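Counting with the numbering used here, you get residues 7 to 499 for the letters of the sequence shown.
C-beta: ideal position from N, C-alpha, C; glycine also.
Computed from a predicted structure; not experimentally measured.
This report concerns only the one structure given below.
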Amino acid sequence: MDALRTGKGLFHKTVVLLSIVPGWVIVAVLISLLVVSANWLISPLGTLIAVGGVCFLLLLFVKPEVGLFFIFLLLPFHLAVKKYVPGPAGTYWKEGLLLLSWIASLVNGVVRKRLPIPRSRIWLPLVVFCSIILTRFLLSDDHFFGAWGLYVYFMYLPLLFIIFWRTKSVHQLKLYIWLVMLTSIISAIGGIAEFLFGFTTGLQNLPAWWISSTHIRRVTFTFDAPMPLGSFLAVGLCLFITFWLTYPGSKKQSLFFLSGTLVSGLGLIFTFSRGPTIQAIGSLAYIGLVYFLSLPNATIRVKWLRKIFLLSICITALVTSVLLVAMGDKLLAYLRSFFEWSKSINVGVAAANAVRIRRWQRSLEVFLQYPLEGIGLGMTGATTSRFFPNALITESFPLKILLEAGLPALMAFFWLYLRLVRDGTRMALSSGRSVQRALAFGASAGLVGIFIEGLVLQILETKQISAEFWLFIAILIWLEARWRVNARRAYSS
7 MDALRTGKGL FHKTVVLLSI VPGWVIVAVL ISLLVVSANW LISPLGTLIA
57 VGGVCFLLLL FVKPEVGLFF IFLLLPFHLA VKKYVPGPAG TYWKEGLLLL
107 SWIASLVNGV VRKRLPIPRS RIWLPLVVFC SIILTRFLLS DDHFFGAWGL
157 YVYFMYLPLL FIIFWRTKSV HQLKLYIWLV MLTSIISAIG GIAEFLFGFT
207 TGLQNLPAWW ISSTHIRRVT FTFDAPMPLG SFLAVGLCLF ITFWLTYPGS
257 KKQSLFFLSG TLVSGLGLIF TFSRGPTIQA IGSLAYIGLV YFLSLPNATI
307 RVKWLRKIFL LSICITALVT SVLLVAMGDK LLAYLRSFFE WSKSINVGVA
357 AANAVRIRRW QRSLEVFLQY PLEGIGLGMT GATTSRFFPN ALITESFPLK
407 ILLEAGLPAL MAFFWLYLRL VRDGTRMALS SGRSVQRALA FGASAGLVGI
457 FIEGLVLQIL ETKQISAEFW LFIAILIWLE ARWRVNARRA YSS
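Below is the structure:
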């Protein structure tokens with residue numbers, strides 16, 4: 007009987023697999039044809055690529071979440087992939103992999119009759135915001151730019167459904183955050199090594215970024231510019247700190263989180279980016295306030311405040327020492343540039359600030375002409391300006407939404423953000439250490455930092471930050487749905 011049951015189980019799995027394979031055989035044949043057309047099949051490398059592609063596609067259909075793991079693992083190194091995989095495949099590999107993962111998740115869920123969607127209150131503002139953006143796209147005069155604008159807003163939206171359909175436990179969500187933290191450490195170490203040894207990866211269009219009027223080079227590692235790298239490290243810094251405070255791990259794991267905090271912070275310093283620095287400071291302030299309020303009594307809070315005060319002094323002294331060694335007599339001008347927007351000692355910074363202020367003023371003037379409907383999706387941004395010289399660069403993501411889709415879209419975006427941070431904070435205020443609390447705390451702190459940076463930069467046009475933004479939304483929706491169910495059960499009992 008046991009042998010018969012085992013045979014039935016294997017037969018069922020084989021039928022399910024065979025029901026999936028035909029579509030991917032077509033894809034495998036197409037890959038083989040491309041290899042043949044390039045005259046690669048006669049070489050061992052071509053055969054290896056074809057066989058590896060087929061095996062990966064089969065694995066992707068059995069485990070669609072593998073595609074997300076590869077996306078989060080390779081996304082910080084997109085420029086390296088783009089360099090060594092020429093053509094559209096190197097440019098759009100992440101979109102293709104995300105689409106394949108989504109299709110595989112959908113087919114897998116249909117076959118297994120399991121496509122769960124968490125019941126969360128976050129859905130309402132999210133659906134309202136997405137509906138307004140989609141409606142604005144349908145009403146666009148130029149659907150080419152409209153499609154580009156839609157892509158900027160929703161390029162990583164499918165990962166929400168992949169996570170919902172494939173996640174069965176909170177520990178699966180944890181793996182995505184671990185990947186983000188791992189790539190943050192790698193990027194930070196690469197940035198530190200780049201600063202100390204003076205090498206460049208040579209992946210950027212601009213060979214080097216310098217602090218104006220100095221000989222100090224800002225690090226980029228495998229990112230387009232210092233600011234995206236700084237924003238990515240600022241998010242990683244928040245994740246390391248929140249997990250260090252609330253994750254129920256071993257001492258080795260706590261040491262890993264603490265080491266990640268120090269390495270990410272040092273890498274962030276060497277980008278010499280003011281926006282990501284303010285982003286990190288804002289996120290740290292949020293983390294400190296929420297953790298302080300979560301402490302059970304006044305005595306513990308006073309002791310914690312003393313520790314934080316001493317730690318702040320030590321960190322300030324360490325950061326000042328590093329900056330003094332790196333910048334010398336230019337440190338004062340650099341620090342004043344954080345506060346003096348138009349009269350900075352640093353001429354380059356003052357000019358950049360003046361340009362940003364003019365762009366804000368121009369964007370607000372155009373908004374007043376189209377307050378409700380906006381000027382249309384995709385009509386702002388540096389990429390659009392390559393095709394449309396009169397395109398506006400808003401230097402602010404909320405201002406981009408306001409200008410492209412009007413006041414209703416901005417109100418829906420703020421509603422979504424308030425709901426996300428509110429629910430994330432509510433879960434982070436729970437006492438004790440738990441994986442759920444660490445995930446909610448890290449996701450809400452990351453979203454706070456992304457919002458702060460987005461005030462002065464179209465931050466969600468950065469592919470790495472956009473992926474983290476949608477990942478944090480998926481985590482909070484999934485956790486909030488579970489949290490409400492558990493709270494309801496506790497109340498009824």
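Exercise for the section: Run the CB neighbour count on residue 320, radius 10 Å, all protein chains shown included, and call it buried at 16 or more, exposed below. Expected result: In the sequence shown, the residue the question calls residue 320 occupies position 314. The residue in question, residue 320, is exposed, as its Cβ has fewer than 16 Cβ neighbours within 10 Å.
Practice task
Assign residue 350 to buried or exposed, taking buried as 16 or more other Cβ atoms, counted over all protein chains shown, within 10 Å of its Cβ.
Solution key: On the sequence shown, position 344 is the one that residue 350 refers to. With a pLDDT of 46 at residue 350, under the threshold of 50, the modelled position of that residue is not reliable, and the figure given next carries that caveat. Under this definition residue 350 is a buried residue.
Handout entry: DSSP three-state assignment for residue 386, whether helix, strand or coil
Key = Translated into the one-based positions of the sequence shown, residue 386 becomes position 380. Of the three classes helix, strand and coil, the one that applies to residue 386 here is strand, per DSSP.
Exercise for the section: Identify whether residue 398 lies in helix, strand or coil by the three-state DSSP scheme. Expected result: If you number the sequence shown from 1, residue 398 lands on position 392. Assigned with DSSP and collapsed to three states, residue 398 falls in strand.
Practice task
Assess, as a yes-or-no matter, whether the segment 142 to 154 is touched by the segment 92 to 106 under the definition of 3 or more beta carbon pairs within less than 8 Å.
Solution key: no
Handout entry: Whole-number beta carbon distance between residue 414 and residue 128, since they are thought to touch under 8 Å
Key = Numbered from 1 along the sequence shown, position 122 holds the residue referred to as residue 128. Numbered from 1 along the sequence shown, position 408 holds the residue referred to as residue 414. Residue 128 to residue 414, Cβ: 19 Å. No contact.
Exercise for the section: Note down, one range per segment and in chain order, each beta strand (DSSP E) of at least 3 residues found wholly within the segment 109 to 184. Expected result: none
Problem - Element boundaries [alpha helix (DSSP H), containing residue 442] - result: As a position in the sequence shown, residue 442 is number 436, starting the count at 1. 441 to 460 is the extent of the alpha helix (DSSP H) around residue 442.
Problem - Euclidean distance between Cα positions of residue 291 and residue 249 - result: Taking the first residue of the sequence shown as position 1, residue 291 is located at position 285. Taking the first residue of the sequence shown as position 1, residue 249 is located at position 243. In a straight line, the C-alpha of residue 291 is about 16 Å away from that of residue 249.
Exercise for the section: Pair every Cβ in the segment 270 to 283 with every Cβ in the segment 223 to 238, then say whether three or more of these pairs are closer than 8 Å. Expected result: Here the segment 270 to 283 lies against the segment 223 to 238, with 3 or more beta-carbon pairs under 8 Å apart.
Handout entry: Straight-line gap, residue 170 to residue 114 (C-alpha atoms, nearest Å)
Key = What you label residue 170 is simply residue 164 of the sequence shown in a count that begins at 1. What you label residue 114 is simply residue 108 of the sequence shown in a count that begins at 1. Going by the C-alpha atoms only, they are around 13 Å apart.
Problem - Beta-carbon gap between residue 424 and residue 416 smaller than 8 Å - result: Counting from one through the sequence shown, the residue named residue 424 turns up at place 418. Counting from one through the sequence shown, the residue named residue 416 turns up at place 410. No, they are not a contact pair.
Problem - Burial state of residue 265, where buried means 16 or more other Cβ atoms lie within 10 Å - result: To locate residue 265, count along the sequence shown from 1; it is residue 259. Of the other Cβ atoms in all chains shown, fewer than 16 fall within 10 Å of the Cβ of residue 265; this residue is therefore exposed.
Exercise for the section: Could you pull out every residue in the same chain whose Cβ sits closer than 6 Å to the Cβ of residue 158, ignoring the five residues on either side in sequence? Expected result: As a working note, residue 158 is residue 152 in the sequence shown. Closer than 6 Å at the Cβ level, and outside the excluded window around residue 158, lie 467.
Handout entry: 7 Å CB neighbourhood of residue 207 in its chain, flanking five on each side removed
Key = Counted from its first residue, the sequence shown places residue 207 at position 201. The residues are 227, 228.
Handout entry: Element boundaries [alpha helix (DSSP H), containing residue 97]
Key = Position 91 of the sequence shown holds residue 97. First-last of the alpha helix (DSSP H) with residue 97: 94 to 97.
Exercise for the section: Could you check what DSSP says for residue 303 in three-state terms: helix, strand or coil? Expected result: Here residue 303 refers to the residue found at position 297 of the sequence shown. Coil.
Problem - Cβ distance (whole Å) where residue 503 is taken to contact residue 246 below 8 Å - result: This structure gives no information on residue 503, because the portion of the chain shown stretches from 7 to 499.
Practice task
Enumerate in chain order the residues of its own chain whose CB-to-CB distance from residue 454 is below 7 Å, with the five nearest sequence positions on each side excluded.
Solution key: As a first step, residue 454 must be located in the sequence shown, where it is residue number 448. So the qualifying residues of the chain are 288, 289, 292, 427.
Practice task
To the nearest angstrom, report how far apart residue 92 and residue 458 are at their CA atoms.
Solution key: By one-based count along the sequence shown, residue 92 stands at place 86. By one-based count along the sequence shown, residue 458 stands at place 452. Rounded to the nearest angstrom, the two C-alpha atoms are 35 Å apart.
Problem - Proximal residues to residue 162 (C-beta, below 6 Å), its chain only, five neighbours per side dropped - result: The residue given as residue 162 occupies position 156 in the sequence shown. 472, 473, 476.
Problem - Spatial neighbours of residue 79 in its chain, beta-carbon cut-off 6 Å, leaving aside the 5 residues before and after - result: The residue given as residue 79 occupies position 73 in the sequence shown. Hits under 6 Å: 185.
Practice task
Put residue 464 into one of helix, strand or coil per three-state DSSP.
Solution key: Here residue 464 refers to the residue found at position 458 of the sequence shown. Correct three-state label for residue 464: coil.
Handout entry: As assigned by DSSP and simplified to three states, the class of residue 429
Key = Looking up residue 429 in the sequence shown gives position 423. It is helical.
Problem - Buried versus exposed call for residue 204 [16 or more other C-beta atoms within 10 Å across all chains shown] - result: To locate residue 204, count along the sequence shown from 1; it is residue 198. Answer is exposed; the Cβ neighbour count stays below 16.
Practice task
From the DSSP output, in three-state form, read off residue 210 for me.
Solution key: Along the sequence shown, one-based indexing puts residue 210 at 204. Judged by DSSP in its simplified three-state form, residue 210 adopts coil rather than helix or strand.
Practice task
For residue 273, name the three-state secondary structure that DSSP assigns.
Solution key: Stepping through the sequence shown from its first residue, residue 273 is reached at position 267. Three-state DSSP puts residue 273 in a helix.
Practice task
Indicate whether residue 478 and residue 135 have their beta-carbon atoms separated by less than 8 Å.
Solution key: For the purposes of this step, residue 478 is taken as residue 472 along the sequence shown, with counting starting at 1. For the purposes of this step, residue 135 is taken as residue 129 along the sequence shown, with counting starting at 1. For residue 478 and residue 135, no; Cβs fall outside 8 Å.
Handout entry: Nonlocal neighbours in the same chain, by C-beta distance under 8 Å from residue 195, ignoring five residues either side
Key = Indexing the sequence shown from 1 puts residue 195 at position 189. Cβ neighbours of residue 195 beyond the five flanking positions: 269, 273.
Problem - Beta-carbon proximity check, residue 452 vs residue 225, cutoff 8 Å - result: For the purposes of this step, residue 452 is taken as the residue at position 446 of the sequence shown. For the purposes of this step, residue 225 is taken as the residue at position 219 of the sequence shown. No, the pair does not count as a contact, with Cβ atoms beyond the cut-off.
Problem - Alpha-carbon spacing of residue 179 relative to residue 374, whole angstroms - result: In the sequence shown, counting from the first residue as 1, residue 179 sits at position 173. In the sequence shown, counting from the first residue as 1, residue 374 sits at position 368. Each residue's Cα considered, the two are about 43 Å apart.
Handout entry: Own chain, CB closer than 7 Å to residue 461, minus 5 neighbours either side, in chain order
Key = Within the sequence shown, numbered from 1, the residue matching residue 461 stands at position 455. These residues qualify, in order along the chain: 402, 404.
Handout entry: Spatial distance of residue 450 from residue 490 (CA atoms)
Key = The residue given as residue 450 occupies position 444 in the sequence shown. The residue given as residue 490 occupies position 484 in the sequence shown. If you take the alpha carbons of residue 450 and residue 490, they lie about 17 Å apart.
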